[in-house]
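Visitor: Residue numbers for the sequence shown, in the working numbering: 94 to 491.
Glycine included, C-beta positions come from ideal geometry on N, C-alpha and C.
Quick caveat, the model's predicted, so the values are computed rather than measured.
The structure follows.
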Amino acid sequence: MLSSALLRASALALFSNQVAASPLTERSANPAAIYHGLTASALIPWAEEHMEHGSYNFAQDPHVKVTLNNQATTYRANIDTGSSAFLIGSDVYPGFDDAAFNAAYQNGTEYLSSSNKLYTGYWVPTAVHFIDGHVTTQVKTLVVTKSVDCTDYDEAVGGACPAQQVTGVNCDMNCTLTYMGIGFGRSNDGQSDVTPANNALLNVTSIVNKPVPTNYRPGYIITSKGITVGISHRDSTGFKLVKLQRTSRKLPHDWQGVTGCISVTYPGTDKGTGACVTSQILLDTGIPQSYLVLTTAAGLSNWIKPSGYPDVLKYQYLPTGSEVSITFGEQDKNGHITPEAKYSYQVGANSISTPSYARARLNETAGALGFVNTGRYFYRLNDILFDAEGGYWGIRSR
94 MLSSALLRAS ALALFSNQVA ASPLTERSAN PAAIYHGLTA SALIPWAEEH
144 MEHGSYNFAQ DPHVKVTLNN QATTYRANID TGSSAFLIGS DVYPGFDDAA
194 FNAAYQNGTE YLSSSNKLYT GYWVPTAVHF IDGHVTTQVK TLVVTKSVDC
244 TDYDEAVGGA CPAQQVTGVN CDMNCTLTYM GIGFGRSNDG QSDVTPANNA
294 LLNVTSIVNK PVPTNYRPGY IITSKGITVG ISHRDSTGFK LVKLQRTSRK
344 LPHDWQGVTG CISVTYPGTD KGTGACVTSQ ILLDTGIPQS YLVLTTAAGL
394 SNWIKPSGYP DVLKYQYLPT GSEVSITFGE QDKNGHITPE AKYSYQVGAN
444 SISTPSYARA RLNETAGALG FVNTGRYFYR LNDILFDAEG GYWGIRSR
């Protein structure tokens, strides 16, 4: 599953075992003030067999139960914060007819760099009902007719993978996946075909069979209990907020990813990144491991090169005992980060939130940012908030 993560990211990742949140600065947003008077929200619980006291430990991808277009069939959909659209296999989509869909709907693609998978099909308006949360959304889903493993996808080629880059065919007119991407800031990673109109959690139309009220704030909160849709005063208590930046597309609810910085210190030395490296951060529920790209790193020889992978990728294991620290915060026009909270870990430590492994590479291109994919064990200790209307991301340690 290396190629899967090696590129989910063209970038990277790392993370950790314990979170020490720094005090909010005067520039920090106050959830109590921003969300005062907002009461509309609904919890969609995780659909996992092994829940301890109603909480999930994120050992595997989390799931929710849904139905489609008022049909009786129940689907158990993967929830993925590393992508941004709901993918449904054509073999399980209600009433699928290739000729009719081809005539009626727009062709579509989505590429997941974490797994090197290219999905092609049709963008189809779909009513998605979250059974356990009594929440309904109206969203364009990608009804997938084909999926291939594509090692080097270029969106400029028009949604096709060059034949020499296809290493496997996962399905062809017999696709059965139900994969719900709910992330944001992913348009530059093979997902430019996707907009917030494809995100099921941002297009809620009713809660408990009633239209969403006027004080409903689009967004969601992820906890060990499940996903809460709608940002309310009650549910936002305790979060430290980071202001997000608009994307160049300037669409409603369309925001760039989380910013911050990362620092690494190698065991038994004072070598590493030195100053905290300004980075983009992806908090990915889809993988257990973590990857990162550093823009400066002394002591590169201390890294351990994995065997069996192309040299061009230049990813290496961080040695056991390496200290990794990630600071979340807003980036000013000079690239400086105002810290709001931290997440840190030691590679190889026996901790519930230490990634299954951590690999990194160096990118010394002038002006490049670092990039971190934390992997899902981050969620064992932390809740996150995404305010799609106001453009805030939040973290709350448990």
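So, using beta-carbon positions, are Ala-290 and Asp-225 closer together than 8 Å?
Guide: Here residue 290 refers to the residue found at position 197 when the sequence shown is read from its first residue. Here residue 225 refers to the residue found at position 132 when the sequence shown is read from its first residue. For Ala-290 and Asp-225, no; Cβs fall outside 8 Å.
Visitor: When you compare only the Cα positions, how much space is there between Leu-334 and Ile-419?
Guide: Residue 334 sits at position 241 when you count from the first residue of the sequence shown. Residue 419 sits at position 326 when you count from the first residue of the sequence shown. Rounded to whole angstroms, Leu-334 to Ile-419 spans 15 Å at the Cα level.
Visitor: State the beta-bridge partners of Cys-264 as determined by DSSP.
Guide: Within the sequence shown, numbered from 1, the residue matching residue 264 stands at position 171. Beta-bridge pairing links Cys-264 to Ser-240.
Visitor: Return the residue from the list Asp-286, Val-322, Leu-131, Thr-316 that minimises the CA-CA distance to Val-301.
Guide: Here residue 301 refers to the residue found at position 208 when the sequence shown is read from its first residue. Ranking Asp-286, Val-322, Leu-131, Thr-316 by Cα distance to Val-301 puts Val-322 first.
Visitor: Just to confirm the assignment, what range does the beta strand (DSSP E) spanning Ile-137 have?
Guide: Indexing the sequence shown from 1 puts residue 137 at position 44. Here the beta strand (DSSP E) through Ile-137 covers 135 to 138.
Visitor: So, helix, strand or coil for Glu-203, using DSSP?
Guide: The sequence position of residue 203 within the sequence shown is 110, counting from 1. Here Glu-203 sits in strand by DSSP.
Visitor: What residue does the alpha helix (DSSP H) around Pro-124 start on, and which one ends it?
Guide: Counting from one through the sequence shown, the residue named residue 124 turns up at place 31. Note, Pro-124: alpha helix (DSSP H), 124 to 127.
Visitor: Threshold first: 3 residues or longer. Then list the beta strand (DSSP E) segments lying entirely within the stretch 124 to 199, N to C.
Guide: Taking only runs of at least 3 residues, the beta strand (DSSP E) segments lying wholly in the stretch 124 to 199 are 135 to 138, 156 to 161, 168 to 173, 179 to 182.
Visitor: Taking the alpha-carbon positions, what's the Gly-460 to Ser-240 distance?
Guide: To locate residue 460, count along the sequence shown from 1; it is residue 367. To locate residue 240, count along the sequence shown from 1; it is residue 147. Their Cα atoms are separated by approximately 35 Å.
Visitor: Would you report the Cα separation of Ser-444 and Tyr-438, rounded to the nearest angstrom?
Guide: For the purposes of this step, residue 444 is taken as residue 351 along the sequence shown, with counting starting at 1. For the purposes of this step, residue 438 is taken as residue 345 along the sequence shown, with counting starting at 1. Cα to Cα, the separation comes out at about 9 Å.
Visitor: Along the chain, where does the beta strand (DSSP E) containing Ser-208 start, and where does it finish?
Guide: Here the question's residue 208 lines up with position 115 in the sequence shown. Neither: Ser-208 is in no beta strand (DSSP E) and is coded neither H nor E.
Visitor: Applying the 10 Å Cβ sphere with the 16-neighbour rule, what's the burial state of Leu-411?
Guide: Numbered from 1 along the sequence shown, position 318 holds the residue referred to as residue 411. When all chains shown are included, Leu-411 counts as buried.
Visitor: Distance, Cα to Cα, Ser-490 vs Val-250?
Guide: Locating residue 490 in the sequence shown gives position 397, counting from the first residue. Locating residue 250 in the sequence shown gives position 157, counting from the first residue. Cα to Cα, Ser-490 sits roughly 43 Å from Val-250.
Visitor: Which of helix, strand or coil does DSSP assign to Leu-337?
Guide: The residue given as residue 337 occupies position 244 in the sequence shown. Coil at Leu-337, not helix or strand.
Visitor: Tell me the rounded alpha-carbon separation between Tyr-384 and Arg-452.
Guide: Here residue 384 corresponds to residue number 291 of the sequence shown, with the count starting at 1. Here residue 452 corresponds to residue number 359 of the sequence shown, with the count starting at 1. If I take the Cα positions, the gap works out to 5 Å.
Visitor: So, helix, strand or coil for Leu-85, using DSSP?
Guide: Here the chain covers residues 94 to 491 and nothing more, so residue 85 does not appear.
Visitor: Which runs of the beta strand (DSSP E), 3 residues or longer, sit entirely within the stretch 419 to 471?
Guide: You should have 430 to 439, 451 to 455, 463 to 466.
Visitor: From which residue to which residue does the beta strand (DSSP E) around Ile-224 run?
Guide: Taking the sequence shown and counting its residues from 1, one reaches residue 224 at position 131. Here Ile-224 belongs to no beta strand (DSSP E), and DSSP marks it neither H nor E.
Visitor: With DSSP collapsed to three states, give me the class of Val-287.
Guide: Counted from its first residue, the sequence shown places residue 287 at position 194. Coil at Val-287, not helix or strand.
Visitor: So, does the CB of Asp-225 fall closer than 8 Å to a CB anywhere in chain D?
Guide: Although the question refers to chain D, the structure presented lacks it and comprises just one protein chain.
Visitor: Within the continuous beta strand (DSSP E) that includes Ser-299, where are the two ends?
Guide: Locating residue 299 in the sequence shown gives position 206, counting from the first residue. Note, Ser-299: beta strand (DSSP E), 297 to 300.
Visitor: Should Val-157 go down as buried or exposed, given a rule of 16 or more other Cβ atoms within 10 Å for buried?
Guide: For this step, residue 157 is matched to residue 64 along the sequence shown. So Val-157 counts as buried.
Visitor: When the Cα atoms are used, what is the spatial distance from Ser-317 to Thr-389?
Guide: Translated into positions along the sequence shown, residue 317 becomes position 224. Translated into positions along the sequence shown, residue 389 becomes position 296. If you take the alpha carbons of Ser-317 and Thr-389, they lie about 35 Å apart.
Visitor: Between which two residues does the beta strand (DSSP E) carrying Leu-375 extend?
Guide: Mapped onto the sequence shown, residue 375 falls at position 282. 370 to 375 is the extent of the beta strand (DSSP E) around Leu-375.
Visitor: With a cut-off of 8 Å, do at least 3 Cβ pairs link the stretch 211 to 224 to the stretch 148 to 163?
Guide: Cβ pair count under 8 Å is three or more, so yes.
Visitor: With distances taken Cα to Cα, identify the nearest neighbour of Thr-230 among Thr-260, Ile-137, Asn-267.
Guide: For the purposes of this step, residue 230 is taken as residue 137 along the sequence shown, with counting starting at 1. Looking at the Cα atoms, Ile-137 is the closest of the given residues.
Visitor: Mind checking whether Leu-235 and Tyr-204 have CB atoms under 8 Å apart?
Guide: To locate residue 235, count along the sequence shown from 1; it is residue 142. To locate residue 204, count along the sequence shown from 1; it is residue 111. No, the Cβ-Cβ distance between Leu-235 and Tyr-204 is not below 8 Å.
Visitor: Can you give me the Cβ contacts of Phe-332 inside the same chain, cut-off strictly under 6 Å, excluding the 5 residues immediately before and after it?
Guide: Stepping through the sequence shown from its first residue, residue 332 is reached at position 239. The answer, listed in chain order, is Pro-124, Leu-478, Gly-487, Arg-489.
Visitor: Count the other C-beta atoms from every protein chain shown that fall within 10 angstroms of the C-beta of Asp-245, then say buried if there are 16 or more, exposed otherwise.
Guide: Position 152 of the sequence shown, counted from the first residue, corresponds to residue 245. By the neighbour-count rule (16 or more Cβ atoms within 10 Å), Asp-245 is not buried but exposed.
Visitor: Looking at the strands, I want to know which residues DSSP matches up with Phe-479.
Guide: In the sequence shown, residue 479 corresponds to position 386, counting from 1. DSSP output for Phe-479 lists Tyr-313, Trp-486 as bridge partner(s).
Visitor: Which word fits Gln-382, buried or exposed, when buried means at least 16 other C-beta atoms lie within 10 angstroms of its C-beta?
Guide: Counted from its first residue, the sequence shown places residue 382 at position 289. Buried, by the Cβ-count rule.
Visitor: Quick one: using the 10 Å Cβ neighbour count with 16 as the cut-off for buried, is Pro-255 buried or exposed?
Guide: As a position in the sequence shown, residue 255 is number 162, starting the count at 1. By the 10 Å Cβ count, Pro-255 comes out exposed.
Visitor: Starting from Ile-355, trace the beta strand (DSSP E) in both directions and tell me its first and last residue.
Guide: In the sequence shown, counting from the first residue as 1, residue 355 sits at position 262. Segment 351 to 358, the beta strand (DSSP E) holding Ile-355.
Visitor: Report the option in Gly-353, Leu-180, Thr-271 whose CA atom is closest to the CA atom of Thr-167.
Guide: As a first step, residue 167 is located in the sequence shown; it is residue number 74 there, counting from the start. When only C-alpha atoms are compared, the closest one is Thr-271.
Visitor: Cα separation between Leu-117 and Tyr-436?
Guide: Numbered from its first residue, the sequence shown carries residue 117 at position 24. Numbered from its first residue, the sequence shown carries residue 436 at position 343. Residue confidence is low: Leu-117 scores 32 on pLDDT, short of 50, so the model does not pin down where it sits. No coordinate-derived value is stated.
Visitor: With a CB to CB cut of under 8 Å and the five nearest residues on each side skipped, what residues in its chain are close to Pro-187?
Guide: Within the sequence shown, residue 187 is the residue found at index 94, counting from 1. Excluding residues within five positions, the ones whose Cβ falls inside 8 Å are Leu-161, Asn-162, Gln-164, Thr-166.
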